[in-house]
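So in UniProt numbering, spot 223 of the sequence shown is number 223, and the numbers just go up one at a time.
Structure, as structure tokens:
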Amino acid sequence: MKRRALVSVSDKRGVAAFARKLSGMGFEIISTGGTAKALEESRVPVIQVSEITGAPEMLDGRVKTLHPKIHGGILADLENPEHVTQLVDHDIGPIDLVCINLYPFEETVAGDPSEKEAIEQIDVGGPAMLRAAAKNFKSVAVVPSPEFYNEVLSELENEGQVSEPTRRRLALAAFRRTAGYDAAISDWLAGPERDLFPERITVRYGKVSSLRYGENPHQEAAYYAEEGGEHLLSGVEKLQGREISFNNLYDLDAARALLADLADLGAPAAAVIVKHANPCGAAVGGSLADAYRKALASDPLSAFGGIVALGGEVDEELAAEISKVFTEILVAPGYTPGAAEVLAARPNTRVLRAGSIAKPTLSAKTVTGGVLLQQTDGIEDASGYEVVTEKRPSPEQMDDLLFAWRVARTVKSNAIVLVKDGATVGVGAGQMSRVDSSEIAAKKAGERVRGAVAASDAFFPFADGVEALAEAGVGAVIQPGGSVRDEEVVEAANRRGVSMVFTGRRHFNH
């Protein structure tokens with residue numbers, strides 16, 4: 001009995017060559033609509049599906065392959081005598097290979113289609129045939145993408161058939177494709193006003209790249225991104241350097257997020273330096289070089305091997321300055337030719353060109369066997385802030401407080417950030433005690449603590465944290481408030497002549 005292949009694709013890349021080779025190996029090619037026309041134009045012998053089913057394509061092509069003579073041929077278990085008998089009784093020929101790719105629904109809804117246009121791109125027959133062939137992989141080879149054409153042809157040419165391990169792997173790829181396709185449709189139907197936290201969620205992630213290793217060399221890792229939207233590396237161009245590592249990606253995300261927050265302040269330029277997902281330096285300035293120098297001065301020792309994110313074009317002079325300190329990643333929206341030439345002398349620095357990135361609606365943290373989803377944190381409207389002390393911050397202090405508050409949001413809790421003249425001068429991160437974070441930040445700042453302002457990501461549970469900051473020389477503090485001892489904390493600030501602002505919103509970052 002002659003082998004048969006059903007070929008019906010939306011993505012027609014390489015399909016004529018694929019079908020021609022199948023035909024040359026003795027396969028009868030069954031096809032539909034546009035695919036059949038494309039194959040005929042390429043002089044590949046084709047049998048129209050309607051010749052098999054005895055029924056024409058109907059309803060503007062909505063019904064073509066949904067017929068027992070197609071699905072019976074795909075689903076029959078050829079090792080089951082009853083199935084074989086039924087095929088003979090109903091004059092149904094088995095189908096040995098099914099090559100299907102689906103209507104481009106995801107690409108369509110990524111634009112701005114009408115509802116009718118989107119609905120017409122919901123494939124029905126394609127997923128049905130993919131699922132049928134994948135279910136029956138013991139008897140049928142399913143080919144869900146052009147990426148598998150060469151592999152399938154190679155096995156057919158060399159072995160005379162597609163091996164069972166390969167058929168199983170192709171079936172897995174087919175089910176993954178239909179699962180992702182259905183998820184895209186359900187996301188679109190839910191619309192922009194969909195419930196943020198439905199009873200069940202299906203997330204579509206595609207592999208962007210394999211990584212050398214994870215957080216540590218003994219951990220295997222890869223980077224996946226949610227399909228159909230922007231992700232960390234969307235629009236990012238790597239100009240030089242080695243592959244980006246797991247830890248690089250994590251730090252890059254933190255650096256770009258903080259840079260985006262600082263851009264809202266409207267300063268001419270901003271710079272961020274991140275190490276282990278914490279900012280060790282951040283600044284705004286009159287020029288990009290000024291902002292970078294101020295950010296680096298915050299903690300030059302910790303900046304070694306860090307991620308530098310800049311909010312403007314890097315020129316030759318600034319590139320030379322950055323090159324004096326080993327930098328894992330430098331990311332900026334642009335580089336002059338002179339800057340690129342200078343940076344090329346530092347081949348171990350990964351140089352990225354990237355603009356701004358949209359903030360996601362939700363953020364996720366994994367726990368054992370589950371995931372915690374929450375709305376992405378962000379900076380609230382400052383119009384609701386309240387000065388709660390007798391002394392009010394000066395305009396200059398208020399600018400620094402707003403800057404410090406944005407930085408503190410991105411520091412691991414408990415977080416204390418000291419800022420002076422638009423630049424961090426001390427960061428206390430990740431301590432179990434807020435007093436310890438205060439003391440670490442003050443120690444990092446050294447003499448610069450005098451006249452600095454402080455931001456705390458959460459309220460002070462006792463007055464001791466404010467006392468420690470005031471003792472070090474801090475002149476103003478911004479914090480959410482909300483402690484049962486707020487009154488004591490404010491009294492301590494008043495005694496020390498420290499002004500204090502309550503924001504009303506906490507920014508824990510675990």
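Quick reminder that beta carbons are idealized off the backbone N, C-alpha and C, glycines included.
Option in the options with minimal Cα separation from residue i
i	options	result
residue 253	299, 127, 452 and 223	223
residue 127	149, 140 and 103	103
residue 508	477, 378 and 420	378
residue 51	29, 220 and 41	29
residue 24	38, 46, 37 and 10	46
residue 303	400, 322 and 312	322
residue 270	276, 277 and 289	289
residue 496	294, 411, 467 and 167	467
residue 458	63, 482, 471 and 71	482
residue 138	306, 171 and 190	171
residue 260	41, 492, 177 and 403	403
residue 72	369, 186 and 95	95
residue 444	432, 462 and 419	419
residue 510	86, 432 and 274	432
residue 11	209, 149, 198 and 276	149
residue 67	90, 81, 82 and 298	90
residue 375	369, 382, 361 and 221	361
Test item: CB-CB of residue i and residue j under 8 Å
i	j	result
residue 300	residue 424	no
residue 130	residue 142	yes
residue 340	residue 255	no
residue 390	residue 494	yes
residue 490	residue 500	yes
residue 573	residue 204	It is not possible to answer for residue 573, since the shown part of the chain is limited to 1 through 510.
residue 145	residue 101	yes
residue 272	residue 282	yes
residue 8	residue 65	yes
residue 430	residue 441	no
residue 296	residue 342	no
residue 456	residue 408	yes
residue 22	residue 98	no
residue 475	residue 453	yes
residue 399	residue 307	no
residue 385	residue 202	no
residue 236	residue 265	no
Exposed unless 16 or more other CB atoms sit within 10 angstroms - verdict on residue i
i	result
residue 1	exposed
residue 438	buried
residue 366	exposed
residue 110	exposed
residue 37	exposed
residue 200	exposed
residue 414	buried
residue 337	exposed
residue 411	buried
residue 569	Nothing in the structure corresponds to residue 569, since the chain is present only between 1 and 510.
residue 480	buried
residue 134	buried
Cβ distance (whole Å) where residue i is taken to contact residue j below 8 Å
i	j	result
residue 465	residue 451	The Cβ separation is near 19 Å, so there is no contact.
residue 351	residue 239	4 Å
residue 354	residue 333	7 Å
residue 62	residue 124	7 Å
residue 470	residue 498	5 Å
Residue i Cβ short of 7 Å to the ligand FAD heavy atom set
i	result
residue 268	This structure does not include the ligand FAD; it has no bound ligands of any sort.
**Asked** Three or more C-beta pairs closer than 8 Å, one from the segment 67 to 84 and one from the segment 105 to 112: is that the case here?
**Response** no
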